[in-house]
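Quick note: the sequence shown uses the UniProt record's numbering, first residue 1, plus one each step.
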Amino acid sequence: MWDFDIGRTLAIMGRTWPFIVLRMLVYFGITTAYIFATGTGAGVGYGVGHISSDPGGPGTFALWGGIVGFGLVSAIVYWIREYILYIVKAGHIAVMVHLIDGRDVPDGKNQITYARQEVTARFAEANVLFVLDQLVKGVIRVLTGLLGGIAGFLPIPGLDTLMRFVNTVIRIALTYVDEIILGYNIRIGSSTPFETARQGVVLYAQNGRTMLKNAVWLALFMWLLTFVVFLVMLAPAGAILYAMPGQLAGWAFVLAIVFAWAVKAALIEPFAIAALMSVYFKVIEGQTPNREWDERLSSASRQFRELKERALETVGVRSRATPAKPAG
């Protein structure tokens with residue numbers, strides 16, 4: 001079935017409790033911001049509606065006020081995603097990598113400081129990690145087709161619909177490949193992150209069948225749990241919005257999705273990432289990147305070619321920065 005150990009993965013999660021708490025504070029803080037901004041926007045709109053001559057009245061203004069508040073928080077979250085990746089996600093991955101390899105890490109608050117030092121050693125600036133993450137995400141979109149598109153050549157009636165479904169499942173299953181490649185970067189202590197990421201993506205592709213099998217299982221577990229959380233959160237979300245001014249009852253669905261997203265990001269995603277990293281590290285042991293897969297990705301993905309170009313630039317800069325030894 002799957003190749004990861006659920007018990008061991010849960011134990012790793014328990015050891016990284018400071019980051020679990022940090023993730024909960026960040027993602028549930030974002031959820032609280034959504035509630036506050038939506039409610040405030042609705043309240044302001046409701047008040048404006050009372051002094052407006054618009055036939056829609058306070059209800060319409062409250063709805064649009066809620067939309068503006070929700071959109072404002074969404075824009076802020078989009079803007080700070082680079083720093084969430086650098087401070088929260090990358091640090092958590094660094095600690096999980098060490099625990100997967102059986103290395104000791106500090107407990108308590110020192111764990112977060114320790115992880116930040118590890119991330120800073122690999123990626124001096126947040127924007128370097130962010131650019132790398134976006135390039136890997138771009139490669140993964142192409143890899144989805146390379147791993148899932150082979151059945152498109154089979155002469156089976158009605159296969160197009162089936163393949164669209166299969167590719168959707170594969171796309172969901174490959175969501176966390178960029179985190180796995182980040183973990184690989186940290187694991188080998190790379191000083192050339194773009195080159196290491198290139199190698200990591202190729203290694204993932206050449207072990208695609210094993211990785212995909214485990215990723216699909218984890219995707220099914222994750223989305224099932226997230227859906228259960230969504231159903232549980234519908235009632236409290238409706239109660240919160242019922243207390244707000246205007247006709248916002250329909251927003252209970254949206255707010256329940258935000259609640260479910262927060263639980264998924266804070267608790268469920270780290271489990272999936274830890275499980276997939278343990279499988280990845282095990283399956284690539286002793287392997288070297290396959291030249292054929294390197295060429296396939298180069299021809300199919302602009303982002304992979306850019307990854308290689310940035311890797312060459314980094315190596316070139318490091319070569320020029322290293323003085324030549326004097327002759328004799």
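Just so it is clear, CB atoms sit at the ideal spot from N, CA and C, and this is done for glycine as well.
Open item on the list: Within the continuous alpha helix (DSSP H) that includes D294, where are the two ends?
Closed with: R291 to A300
- [ ] Determine the closest residue to T40 out of G71, E292 and S190, with distance taken between C-alpha atoms.
- [x] G71
- [ ] Give the straight-line distance between the Cα atoms of E269 and W64, rounded to the nearest whole angstrom.
- [x] Rounded to the nearest angstrom, the two C-alpha atoms are 33 Å apart.
TODO: Apply the 10 Å Cβ neighbour rule to L224 and answer buried if 16 or more other Cβ atoms are within range, or exposed otherwise.
DONE: exposed
Task: C-alpha distance - L212 paired with Y86, whole-angstrom precision - done: 26 Å
Task: Cβ shell of A324 (< 8 Å), same chain only, five flanking positions each side left out - done: Model confidence at A324 stands at a pLDDT of 44, short of 50, so the residue's coordinates are unreliable; what they give is reported in the following sentence. Cβ within range, chain order: n/a, list empty.
- [ ] Let me know the secondary structure DSSP gives T192 once reduced to three states.
- [x] When DSSP states are grouped into helix, strand and coil, T192 belongs to the coil group.
Open item on the list: I need the DSSP call for I284, collapsed to helix, strand or coil.
Closed with: DSSP places I284 outside both helix and strand once states are collapsed to three, so it counts as coil.
Task: Limits of the unbroken alpha helix (DSSP H) element including E118 - done: Following the DSSP letters along the chain, one finds E118 inside the alpha helix (DSSP H) bounded by residues N110 to R122.
Task: 8 Å Cβ cutoff met for F304 and V201 - done: yes
Open item on the list: Here's the rule: buried if 16 or more other CB atoms are within 10 angstroms of the residue's CB, otherwise exposed. What is E309?
Closed with: exposed
Task: A262 and M13 closer than 8 Å at C-beta - done: Contact: no.
Open item on the list: Beta-carbon within less than 7 Å of I84's beta-carbon, same chain only, minus the 5 sequence neighbours each way: which residues are those?
Closed with: Within the same chain, I84 has close Cβ partners V26.
Open item on the list: Could you tell me the alpha carbon to alpha carbon distance between A265 and R116, rounded to whole angstroms?
Closed with: 19 Å
Task: Segment contact flag, the segment 229 to 236 with the segment 184 to 202, C-beta cutoff 8 Å, min 3 pairs - done: no
Open item on the list: For G152 and R141, what's the separation of their Cα atoms in angstroms?
Closed with: Caution is warranted here: a pLDDT of 47 is assigned to G152, below 50, making its placement in the model unreliable, and the coordinate value is therefore given only provisionally. Distance between the alpha carbons of G152 and R141 is about 17 Å.
- [ ] Taking all protein chains shown into account, decide if W293 is buried (16 or more other Cβ within 10 angstroms of its Cβ) or exposed.
- [x] buried
- [ ] Counting only the same chain and skipping the five closest in sequence on each side, list residues whose C-beta sits under 6 Å from that of T256.
- [x] Per the sequence shown, residue 256 should be read as Ala rather than Thr. Taken in chain order, the residues that qualify are F230, M233, L234 and A237.
TODO: Using beta-carbon positions only, say whether I181 and A205 come within less than 8 Å of one another.
DONE: Contact: no.
Open item on the list: Among L143, T16 and I76, whose alpha-carbon lies nearest the alpha-carbon of R103?
Closed with: Distances from the alpha-carbon of R103 to those of L143, T16 and I76 put T16 closest.
Open item on the list: What residue range does the alpha helix (DSSP H) around V97 cover?
Closed with: A90 to I100
Task: Cα-Cα separation, V95 to E306 - done: 29 Å
Open item on the list: Taking the straight line between their C-alpha atoms, what separation do you get for G29 and A239?
Closed with: 19 Å
TODO: Report the three-state DSSP secondary structure of R103 (helix, strand or coil).
DONE: coil
Task: Inter-residue spacing [alpha-carbon to alpha-carbon] between residue 348 and I100 - done: In the structure as shown, the chain starts at 1 and stops at 328, and residue 348 therefore has no counterpart that could be examined.
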